[in-house]
Amino acid sequence: NSCKKADSEKDYGISKIYMPQAIFKSAGVDNNYPVPSGTDSSTFNYQVDTKANKIRVILGASLSGPGRDAYSVEISANNDTVQHLLNTRLLDPAIYRVMPASMYTLPAKLDVPAGKKSGTFYLEMDIPQLKSNDYAGKYLVLAVKLKGASKYELNSSLSTTIVVINVNTLVIGPAVNITNKYILNPGNPFIASAMNGSRWGTLKDWKANTAALSHGGVGGFSNDGDGKTMDLESGWGSPQILNGKLSQTITLPAGTYSFDPSGGNWKWQGTKDPCYVVVAPNADDLPDYSNIVNNSSVQYQLIAQPQTAVTFQLNTTTKVTLGVVVNYVQDQQGIKSTQVVLYNYPTHL
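Printed below as a string of structure tokens:
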């Protein structure tokens, strides 16, 4: 027993270098370090350097056990780790991306002086790149690894931190749901203004063009086993919908917004041809299907599951038309939504 006790005490006393951020949220289960975290500027796990236009994510190394000597560690990014998570779908490739090397910088080394045990370093990210529409609604992931310790062992299970950047939350701040304040008939359930039979109808308070009224003069609404939904579908006896549009025109004050007609998750997303969620500032209607891609006067996202919201910024009170534009050429396709959502972001970079 005395031998076992001595062994136990010896193991407990081993000093190892680890990354506190690897256990910050996950307790070491997956080493994920979500950014942003914290409730205000005093507890956020990042800093904003407005002069340099950089975000500085707080990282570090610490020493467990009784050791008090100086030590240093090398710092590097390990993209193989992130790629493995994507390839094995532990991270969904549809919304998670490897952070591009052009976006960030890391120091090569961290020196911790004697008596200090812990040291801090920063992952610096370029704010203009973060704000690129390419990353709207996405998560950027970087594995930051410690290696080459000058003294002490590395704790192998806690020497890599998976930094997971929630781009929308970091760039434009916490979302405030303002759907009911600005959008009429937003769903849960949707309401029809006219019906043709018991299933197909026209959405109340929404503008549907002639192409969208494809079910005997009505369209945009269905009442079936999925409930009362926003619905645009063709096939199964219904005609093609070419350049079909559903929209509302509203007026919004200056600010940053996002619009998602899927409500966070399409009830059914069965599009075969490219279709779009579109926001058109200073317009009474959505552009035609052929005039969406590369149109600098609108913001748009491809309809997909999960749906990337369209994020847009207004510098003054502005009339905005928002909705969906579809072009169903192939047979048997469509979308159904139980609700649409509009968010405002009062604090944003």
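Each step along the sequence shown adds one to the number in this note's numbering, with nothing skipped, and position 116 is 541.
Glycine included, every Cβ here is placed at the ideal spot set by N, Cα and C.
Alpha-carbon to alpha-carbon, residue j and residue i
i, j, result
"Pro-459", "Gly-680", "26 angstroms"
"Asp-649", "Met-620", "13 angstroms"
"Leu-667", "Gly-463", "47 angstroms"
"Thr-741", "Leu-677", "8 angstroms"
"Asp-432", "Ile-439", "Any reading at Asp-432 is ruled out, since the residue's pLDDT is 40, under 50, leaving its predicted position unreliable."
"Tyr-547", "Gly-660", "54 angstroms"
"Val-589", "Gln-732", "19 angstroms"
"Val-704", "Asn-593", "17 angstroms"
"Pro-538", "Val-454", "30 angstroms"
"Asn-512", "Arg-522", "11 angstroms"
"Val-749", "Gly-662", "23 angstroms"
"Ser-489", "Asn-558", "42 angstroms"
"Arg-481", "Val-473", "6 angstroms"
"Ala-729", "Thr-475", "35 angstroms"
"Lys-612", "Val-765", "The question names Lys, but residue 612 is Gly in the sequence shown. In a straight line, the C-alpha of Gly-612 is about 7 angstroms away from that of Val-765."
"Ile-483", "Gly-598", "18 angstroms"
"Ala-775", "Leu-628", "The structure shown has nothing for residue 775, since the chain only spans 426 to 774."
"Ala-600", "Ala-519", "21 angstroms"
"Val-566", "Met-524", "5 angstroms"
"Lys-542", "Leu-583", "16 angstroms"
"Ile-675", "Lys-450", "40 angstroms"
"Gly-641", "Tyr-725", "29 angstroms"
"Asn-470", "Gln-446", "10 angstroms"
Cross-strand partners of residue i (DSSP beta bridge)
i, result
"Met-550", "Ile-480, Tyr-529"
"Ala-617", "Leu-628"
"Gln-724", "Val-704"
"Ser-487", "Tyr-443, Ser-543"
"Lys-606", "Beta-bridge pairing links Lys-606 to no other residue."
"Ile-760", "Leu-657, Gln-694"
"Phe-469", "The partner list for Phe-469 (beta bridge, DSSP) is empty, contrary to what the question assumes."
"Ile-597", "Ile-597 is not bridged to any residue."
"Ile-666", "Tyr-753"
"Tyr-458", "Val-588"
"Lys-450", "According to DSSP, which records beta bridges pairwise, Lys-450 is partnered with nothing at all."
"Thr-777", "Residue 777 is absent from the model: the chain starts at 426 and stops at 774."
Anticipated Cβ contact below 8 angstroms, residue i with residue j, distance rounded
i, j, result
"Thr-743", "Ala-561", "Actually they are not in contact, since the Cβ atoms of Thr-743 and Ala-561 sit about 19 angstroms apart, beyond 8 angstroms."
"Ser-762", "Gly-645", "In fact, because the Cβ distance is near 10 angstroms, the residues do not count as touching under 8 angstroms."
"Val-596", "Leu-657", "That belief does not hold up - the Cβ atoms of Val-596 and Leu-657 are roughly 31 angstroms apart, past 8 angstroms."
"Pro-699", "Asn-591", "Contact flag wrong, Cβ pair sits at about 27 angstroms."
"Phe-673", "Trp-631", "Reading the sequence as shown, one finds Gln at residue 673 and not Phe. The pair is a contact, with the Cβ atoms about 6 angstroms apart (cut-off 8 angstroms)."
"Asp-709", "Thr-746", "6 angstroms"
"Arg-624", "Ser-647", "6 angstroms"
"Gly-544", "Glu-499", "The pair is not a contact, with the Cβ atoms about 13 angstroms apart (cut-off 8 angstroms)."
"Ala-637", "Leu-671", "6 angstroms"
"Ile-442", "Asn-580", "7 angstroms"
"Tyr-529", "Met-550", "5 angstroms"
"Leu-531", "Ala-502", "6 angstroms"
Close-in-space but distant-in-sequence residues of the same chain around residue i (CB under 7 angstroms, 5 per side omitted)
i, result
"Leu-767", "Ile-603, Thr-604, Tyr-607, Ile-608, Tyr-682, Phe-684"
"Lys-576", "Asp-494, Tyr-496"
"Val-723", "Val-703, Val-704, Ala-705, Pro-712, Ile-717"
"Lys-692", "Asp-651, Thr-654, Lys-761, Ser-762, Thr-763"
"Asp-756", "Gly-660"
"Phe-615", "Leu-628, Phe-646, Lys-653, Thr-654, Met-655"
"Asp-479", "The displayed chain sequence assigns Lys, not Asp, to residue 479. Closer than 7 angstroms at Cβ, skipping near neighbours: Glu-549, Met-550, Asp-551, Ile-552."
"Leu-727", "Pro-699, Tyr-701"
"Asn-690", "Pro-731"
"Asn-720", "Pro-712"
Neighbourhood of residue i by C-beta distance below 8 angstroms, restricted to the same chain and skipping five residues each side
i, result
"Thr-506", "Ala-568, Lys-570, Thr-585, Ile-587"
"Asn-752", "Ile-666, Leu-667, Asn-668, Gly-669, Asp-698, Pro-699, Cys-700, Tyr-714"
"Lys-534", "Ser-497, Val-498, Glu-499, Ile-500"
Test: residue i CB closer than 7 angstroms to a CB of chain D
i, result
"Val-704", "Protein chain content of the structure displayed is limited to a single chain, and chain D is not contained in it."
Contacts around residue i, its chain only, beta-carbon distance under 6 angstroms, and the 5 residues preceding and following it disregarded
i, result
"Gly-540", "Arg-493"
"Leu-510", "Leu-516"
"Gly-759", "Leu-657, Glu-658, Gly-695"
"Val-754", "Asp-698"
Worksheet item: Which ranges would you report for the beta strand (DSSP E) in the region 688–713 if only whole runs of at least 3 residues count?
Response: 701–706
Worksheet item: Curious, which full-length beta strand (DSSP E) runs of at least 3 residues does the region 494–518 contain?
Response: 496–502
Fill in: Completely contained alpha helix (DSSP H) runs for the region 551–589, where each covers 4 or more residues
552–555
Worksheet item: What residue ranges within the region 621–664 form continuous beta strand (DSSP E) runs of no fewer than 3 residues, ordered along the chain?
Response: 625–628, 645–649, 652–659
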